[in-house]
Structures are given as structure tokens and as C-alpha cells.
Ligand SMILES: Nc1ncnc2c1ncn2[C@@H]1O[C@H](COP(=O)(O)OP(=O)(O)OP(=O)(O)O)[C@@H](O)[C@H]1O
Ligand SMILES: [Mg+2]
């Protein structure tokens, strides 16, 4: 069985780093591990050996059980269309300017494509563990909401209204195009505009069954995954982390752990300036001590309010840039949920 871990959280909190670090540790324990990253920082990509990668998983040159793949952030409706529409329809969609515009501007399409790709890796059953570093759009929630949103959009009421019956024909298209308000728009914006819009909607509509069915499969994969929410101790990322507790249960399984990253060492809370210390240094120590206490309070509050399992990863003066650095980061961590990733 392939276990799945979804690493999520606000932008910049260390999701990719945590996904990579856990991946290295698990691979070194002898489990075949695939880390699926999104747009890693360059040095992290080098460490993982994914500098040049597309979305095909590749084995790491120096770590036999570690594989990595990079989700294609540009994959979007185009990938959806290729997968779910007839080749002729897919080609027409790819050529349609409204389709192209929608695929660039509708965020759920990218989240959907990412979730679809991640689910494909899990379903391949080729790894013991797949760790997915989810894209940060919508604080990561989009990734979980996308399968349902996409099916809704493609088969939704608006589209049904615009395109008529379940499998609308050209006649419905012309009825639609004949609406007076649209005819005015047409004369202002160009004569085949309506036909192009209607064609886009009609073609998109034909992907509905495929999208809906695949959406259910993706949701099944997502709901059997363990979800780790990464945050720092700062208010904005914590608010994002709380959103997962509020919004996720309706979409997928609940988060299983919250990982507070970049935390200051507990000893700093009690740091006392030795006698004779300059007032400036004393003030500085007092500030760090207060910050350490604030961080501890924010973890305790999170834990008591949401009953979350809290793990911590210390702030490291040298951000990890190679496999040993990544492994070192999680060695210093506390209460990471290793049992859930399959190692003790
Ligand atoms: N515990 C840590 N100590 C020190 N630096 C860290 C730590 N964790 C992450 N970093 C650094 O913080 C930066 C952001 O980390 P990372 O790219 O993993 O965040 P992310 O959540 O994936 O960001 P994005 O949302 O942009 O994808 C990187 O430079 C990384 O090296
Ligand atoms: Mg990242």
C-alpha cells in the first residue's frame, strides 16, 4: 500500500523544505519514497536532483530510495481537456482563446491539475510513501476543493443554462447566440465572438463525465491521505493553518498534525544576561526571550483550541541545501508524526 502525506500551509512557511526533509529521512530508512514538489527554491531543487525535471518522477542520483518529481504549475485546463475530451474536441479547445484565458485565470484548474497528477502517482503503487508538497494558492485549500469545483464548473448550472440540455447541439448554440443582449455584445466585440464562446462552453461541457468521475477518484486519494499543516509562529500563517481545521473537514480528511517550523530554542525563553552585561545586550536577550515565549504560547493555544498534534522544527541558521542538511533538520525536530509516514 502507498501511504500519502499532503504537506500544506501558507506561502513561504517551509512546506517544500519539510516535504523534502521528511522524504530524505524516510528514504534513508529504506522505504521507496517519492517527494512531489512545487516550484522548489533553486538550491532545494539541486539537493533533490529535480533542477531539470518535469513531472515524471526521477530517482535521486545519490539516494537509492528517494525519488522526486515537480508538479507542473502550468499544467491546467489544457491537461484536463487532453485527458477528458475527444482528441478533436481537445484540439479545438486548446485553440480557443476563451479556453486559454480561462485556463490562465481560473486558479482551481491549476490546483485540479496538481491534485490529479499527485493522485496518479499514488495510484501507480510504485512507492511506499508519496509526499506531496501542495501548491500554495488559496492557502492550499484550493488543492482539496479543486476536484469538486472543477466538476461543478464544467457541469454546473450556469453552463447547463447556457448550453441547454445535457449534450447540447449546435441548435442550442444558435439559440443562445440569439439572445438580444449577446447580439449587442457580438456587434461590439467582433462577429464570431459568440460562436467562439459558445463553442468553448459546449466543448467544455463534453468533458463533464470524465472530470466528475476523475474528481471522485482524486477525492478518494486525498481523503485517505494524512495531512500535515506547516506554519511558522507568526499570526498570518497561523490564521491560514486554522482555516484548514475550519474548512477542510468538509472537503477531505482532517489535518493530522501541525508542524511549527523555524521555532526558537526553548532555552532562549529563560536566557538571563550574566552580571556585567551591557544594557543593550540585556535588552536584546529580553526580546528574544519574549519572542520564544510568544512562540510557545501560540503553539499551546493552537493545541488546546483545536486539539491538534503539534510538532516543531527549529529555526536553522543555515537553511538546508543538501540531503544531509535536510536530514539534519528533521533530526532536530520534535514530535514529528513518523508513525504516520510508516517509520518508527
Ligand atoms: N527550519 C528552517 N530554518 C531555516 N530556514 C528554513 C527552515 N525551513 C525553511 N527554511 C527556508 O525558508 C525558505 C522558504 O522555505 P520553502 O521554500 O520550503 O517554503 P514554502 O512554504 O515551500 O514556500 P512557497 O509557499 O513559496 O512554496 C527557504 O529559503 C528555506 O531554505
Ligand atoms: Mg514551496
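In our numbering, the protein residues as written are 45 to 388.
Backbone N, C-alpha and C fix where the C-beta goes; we use that ideal spot for every residue, glycine too.
**Message:** Going by the DSSP bridge assignment, what does residue 177 pair with across the sheet?
**Reply:** 51
**Prompt:** Which residue's Cα is closest to the Cα of residue 155: 52, 130 and 240?
**Reply:** 52
**Request:** Verify the contact flag: residue 60, CB atom, against every heavy atom of ligand 2, threshold strictly below 6 Å.
**Result:** yes
**Message:** At the level of alpha carbons, what is the spacing between residue 343 and residue 116?
**Reply:** 34 Å
**Where residue 128 sits in the DSSP three-state scheme** = helix
**Request:** Helix, strand or coil for residue 379, going by three-state DSSP, please let me know.
**Result:** In this structure, residue 379 counts as coil in the three-state DSSP scheme.
**Request:** Using a threshold of 7 Å, state whether the C-beta atoms of residue 37 and residue 70 are closer than that.
**Result:** This structure cannot speak to residue 37, because the chain is shown only from 45 to 388.
**Message:** Only counting the same chain, and skipping five residues up and downstream in sequence, which positions put a Cβ closer than 7 Å to that of residue 259?
**Reply:** 191, 192, 194 and 195
**Request:** In angstroms with no decimal places, state the Cα-to-Cα distance between residue 310 and residue 297.
**Result:** 32 Å
**Message:** At a threshold of 6 Å, does residue 395 count as lining ligand 1 (C-beta to nearest heavy atom)?
**Reply:** Any answer about residue 395 is impossible in this case: the structure gives the chain only from 45 up to 388.
**Request:** Could you tell me whether the Cβ atoms of residue 79 and residue 125 are closer together than 7 Å?
**Result:** Going by C-beta atoms, residue 79 is not nearer than 7 Å to residue 125.
**8 Å Cβ shell around residue 275 - same chain, five flanking residues per side excluded** = Correct list, in chain order: 53, 54, 57, 281, 282, 284, 285, 302, 303, 304 and 305.
**Prompt:** Is residue 180 near ligand 1, in the sense that its beta carbon is under 6 Å from a heavy atom of that ligand?
**Reply:** yes
**Message:** ligand 1 and residue 359: does any heavy atom of the ligand fall closer than 6 Å to the residue's C-beta?
**Reply:** yes
**Message:** Below 6 Å, is the gap between the Cβ of residue 55 and the nearest heavy atom of ligand 1?
**Reply:** Yes, the Cβ of residue 55 comes within 6 Å of a heavy atom of ligand 1.
**Prompt:** The beta strand (DSSP E) spanning residue 387 covers which residue range?
**Reply:** Segment: none, residue 387 is in no beta strand (DSSP E) and carries neither H nor E.
**Prompt:** Given that a residue counts as buried once 16 or more other Cβ atoms are within 10 Å of its Cβ, and exposed if not, what is residue 47?
**Reply:** buried
**Message:** Closer than 6 Å to a non-hydrogen atom of ligand 1 - does that hold for the CB of residue 158?
**Reply:** no
**Asked** Over what stretch of residues does the beta strand (DSSP E) that includes residue 111 continue unbroken?
**Response** 107–114
**Message:** On a Cα-Cα basis, can you pick out the residue from 380, 245, 162 and 348 that is closest to residue 100?
**Reply:** The residue with the shortest Cα to Cα distance from residue 100 is 162.
**Message:** Going by DSSP in three states, residue 306 sits in which element: helix, strand or coil?
**Reply:** strand
**Message:** For ligand 1, I want to know if residue 190 counts as a neighbour, meaning its beta carbon is within less than 6 Å of at least one of the ligand's heavy atoms.
**Reply:** no
**Asked** Which of helix, strand or coil does DSSP assign to residue 79?
**Response** strand
**Asked** Residues bridged to residue 262 by DSSP?
**Response** According to DSSP, residue 262 bridges with nothing at all.
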